[in-house]
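Keeping their order, the protein sequence lines are chains A and B.
Counting from 1, one number per residue, gives the positions in the first sequence under full-length UniProt numbering.
Counting from 1, one number per residue, gives the positions in the second sequence under full-length UniProt numbering.
Below: one structure, written as structure tokens.
There are 2 protein chains.
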Amino acid sequence: MRYTSGAIETLIDEFARLPGIGRKTAQRLCMHMLNEPRTAAEKLAKALLDVKDRVIRCSECQNVTDRDSDPCVLCRSSGRDRTVICVVESPVDLLAFEKTGHYKGLYHVLHGVISPLDGIGPDDIKVRELLARVSRPEESLQVREVVLALNPTVEGETTSLYISRLLKPLGIAVSKIARGIPVGAELEFIDEATLSRAMEGRSAM
Amino acid sequence: MRYTSGAIETLIDEFARLPGIGRKTAQRLCMHMLNEPRTAAEKLAKALLDVKDRVIRCSECQNVTDRDSDPCVLCRSSGRDRTVICVVESPVDLLAFEKTGHYKGLYHVLHGVISPLDGIGPDDIKVRELLARVSRPEESLQVREVVLALNPTVEGETTSLYISRLLKPLGIAVSKIARGIPVGAELEFIDEATLSRAMEGRSAM
Ligand SMILES: [Zn+2]
Ligand SMILES: [Zn+2]
Chain A
1 MRYTSGAIET LIDEFARLPG IGRKTAQRLC MHMLNEPRTA AEKLAKALLD
51 VKDRVIRCSE CQNVTDRDSD PCVLCRSSGR DRTVICVVES PVDLLAFEKT
101 GHYKGLYHVL HGVISPLDGI GPDDIKVREL LARVSRPEES LQVREVVLAL
151 NPTVEGETTS LYISRLLKPL GIAVSKIARG IPVGAELEFI DEATLSRAME
201 GRSAM
Chain B
1 MRYTSGAIET LIDEFARLPG IGRKTAQRLC MHMLNEPRTA AEKLAKALLD
51 VKDRVIRCSE CQNVTDRDSD PCVLCRSSGR DRTVICVVES PVDLLAFEKT
101 GHYKGLYHVL HGVISPLDGI GPDDIKVREL LARVSRPEES LQVREVVLAL
151 NPTVEGETTS LYISRLLKPL GIAVSKIARG IPVGAELEFI DEATLSRAME
201 GRSAM
């Protein structure tokens with residue numbers, strides 16, 4: 001048995017296509033939209049199309065930005081240290097660093113990591129664009145350090161190594177963010193791999 | 001810190017307005033749409049507007065139906081017993097009964113329950129429309145029984161009592177669905193109120 005409305009069925013189907021949205025949730029969302037004014041549906045519909053029509057990748061850092069704002073606000077900002085580039089996998093990771101408010105350099109978004117098993121090679125992510133950025137002759141744009149901030153997965157590590165080998169011959173300092181005990185975490189609840197990394201990465205006091 | 005794209009921020013805001021969708025989930029859904037082809041966004045956008053433009057309430061049973069299908073398929077069906085009407089709170093509850101495949105009568109959807117604390121009175125839900133249905137003089141449409149299938153809440157019980165008092169003087173049999181132990185449930189895990197109800201509602205074997 002399905003709903004007595006084809007329009008309702010279709011909207012439930014479309015909601016259920018979204019990741020992490022099951023049929024029960026899709027049904028609840030659809031019923032919610034039924035009870036909302038038409039303007040609510042219009043706003044969500046417009047936002048969906050706008051994201052497809054207006055969002056592009058910044059020609060500098062490959063971060064997401066609006067069509068009428070390229071390079072992105074971060075790349076255009078006069079308050080950023082242009083000698084450091086932090087390399088991240090996704091715009092969400094970039095946002096995580098920005099939220100800390102501590103990092104003041106530039107970014108480069110790879111939009112993925114090298115993953116041979118998934119058929120993703122260096123040319124499928126934004127490695128070439130990174131290389132172009134750090135190779136520019138203009139003195140004012142000289143990048144001195146690239147900080148790799150990829151996820152601690154096998155693919156992330158592989159990608160970090162690959163990029164590091166490309167950049168070092170260019171005389172650029174390449175670093176990697178520290179792995180260790182999260183702030184506020186209790187040692188007894190930390191997994192062994194993290195503990196080992198924390199021990200390896202110990203620093204003098 | 002927000003995204004470097006206004007279009008992305010707007011879509012996250014709109015997703016986060018949906019019930020049960022937090023900001024993290026909204027962010028994930030937005031990133032998903034960014035990676036989908038434009039047709040995926042178009043389909044969801046169209047489905048949202050269609051639900052507002054095409055869905056109406058059946059003039060007979062108040063169930064949701066499409067504009068070009070009134071009365072709804074259930075009310076038009078020749079295979080239903082027109083002497084019984086099952087009264088439910090919402091289209092979702094109607095669907096739950098239809099899924100069982102056992103009930104073959106008609107329905108009436110109240111679209112809510114009487115709730116004085118929320119300022120919802122009998123005229124704010126579809127009680128008047130139910131009264132009109134059972135009061136029709138045509139012999140062929142004569143309703144003999146109304147089954148109240150509202151949720152076992154204070155408001156549901158109040159509404160059941162209210163409707164029952166309206167219908168009984170009209171010579172219509174009014175019944176209420178049984179409360180009791182769910183099929184397959186183990187007694188030890190059933191709450192006391194349900195156990196008491198099950199005991200009260202015991203039937204001869
Ligand atoms: Zn940028
Ligand atoms: Zn109907």
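Where is the CB? At the ideal position from N, CA and C, for every residue including glycine.
Scanning its chain for C-beta atoms nearer than 8 Å, with the 5 sequence neighbours on each side dropped, one finds around I181 of chain A the residues L187, I190, T194, L195 and A198, in chain order. Taken from the Cβ of Q62 of chain A, at least one heavy atom of ligand 1 lies inside 8 Å. Look at Y162 of chain A: its C-beta is not under 9 Å from any C-beta on chain B.
Between the beta-carbon of C72 of chain A and that of T83 of chain A there is about 18 Å, and that puts the pair past the 8 Å contact cut. Using a Cβ-Cβ cut-off of 9 Å, A7 of chain B counts as an interface residue toward chain A, since at least one Cβ of chain A sits closer than that to its own. When the alpha-carbon of D50 of chain A is set against those of B:R80, B:S59 and B:S5, the nearest one is in B:S5. If you compare the alpha carbons of B:I114, B:A132 and B:L130 with that of D124 of chain B, the shortest gap goes to B:I114.
The C-beta distance from L148 of chain B to V87 of chain B rounds to 5 Å, short enough to fall under 8 Å. Annotation for L148 of chain B: no alpha helix (DSSP H) segment contains it, though the beta strand (DSSP E) segment containing it runs E145 to L148. The beta carbon of A26 of chain A sits closer than 7 Å to the beta carbons of I12, F15 and A16 from its chain, once the five residues preceding and following it are set aside; these are given in chain order. Nearest to G201 of chain A by C-alpha distance, out of A:P37, A:K52 and A:I177, is A:I177.
Around the beta-carbon of A45 of chain A, 16 or more other beta-carbon atoms lie within 10 Å, marking it buried. Along the length of the stretch 76-149 of chain A, whole beta strand (DSSP E) runs at least 3 residues long occupy 81-88, 105-109 and 145-148, reported in chain order. Put simply, the CB of V88 of chain B is far from chain A, with every gap to its CB atoms at 9 Å or more.
Not one heavy atom of ligand 1 sits closer than 8 Å to the Cβ of Y3 of chain B.
Relative to ligand 2, the beta carbon of C75 of chain B is positioned inside 8 Å of a heavy atom. With respect to the C-alpha of H111 of chain B, the residue from B:G101, B:P122 and B:V143 having the closest C-alpha is B:P122. DSSP, read as helix, strand or coil, puts I8 of chain A in helix. For R197 of chain A, there are no C-beta contacts with chain B under 7 Å, since the nearest C-beta of that chain is about 26 Å from it. Beta-carbon to beta-carbon, A47 of chain A and T10 of chain B are separated by about 5 Å, close enough to satisfy the 8 Å threshold. DSSP places S175 of chain A in the uninterrupted beta strand (DSSP E) bounded by A173 to K176.
In the displayed model, D66 of chain A falls within a strand according to three-state DSSP. Contact with chain B is found for D53 of chain A, since one of that chain's Cβ atoms lies less than 9 Å from the residue's Cβ. Closest by C-alpha distance to N151 of chain A, out of A:E138, A:V109, A:E36 and A:R133, is A:V109. Identification of chain B residues near Q27 of chain A by a Cβ-Cβ cut-off of 9 Å yields V92 and L95, ordered along the chain.
Put simply, the backbone Cα of G184 of chain A is about 52 Å away from that of E98 of chain B. For T65 of chain A, the chain B residues whose C-beta falls within less than 8 Å of its own C-beta are T4 and S5, listed in chain order.
Counting the other Cβ atoms within 10 Å of the Cβ of G156 of chain B gives 16 or more, which makes it buried. With respect to the C-alpha of N35 of chain A, the residue from B:D81, B:S135, B:R57 and B:L74 having the closest C-alpha is B:R57. For G20 of chain B, the nearest beta carbon of chain A is closer than 9 Å to its own beta carbon. Within chain B, the C-beta atoms nearer than 9 Å to that of L49 of chain A come from R38, A41, E42 and A45, in chain order. Within the same chain, no Cβ atom closer than 7 Å to the Cβ of E192 of chain B is found once the five residues on either side in sequence are excluded.
Taking all protein chains shown into account, A132 of chain B has fewer than 16 neighbouring C-beta atoms within 10 Å of its C-beta and is therefore exposed. Within 10 angstroms of the beta-carbon of V154 of chain B lie fewer than 16 other beta-carbons, which makes it exposed. Look at T159 of chain A: its C-beta is not under 9 Å from any C-beta on chain B.
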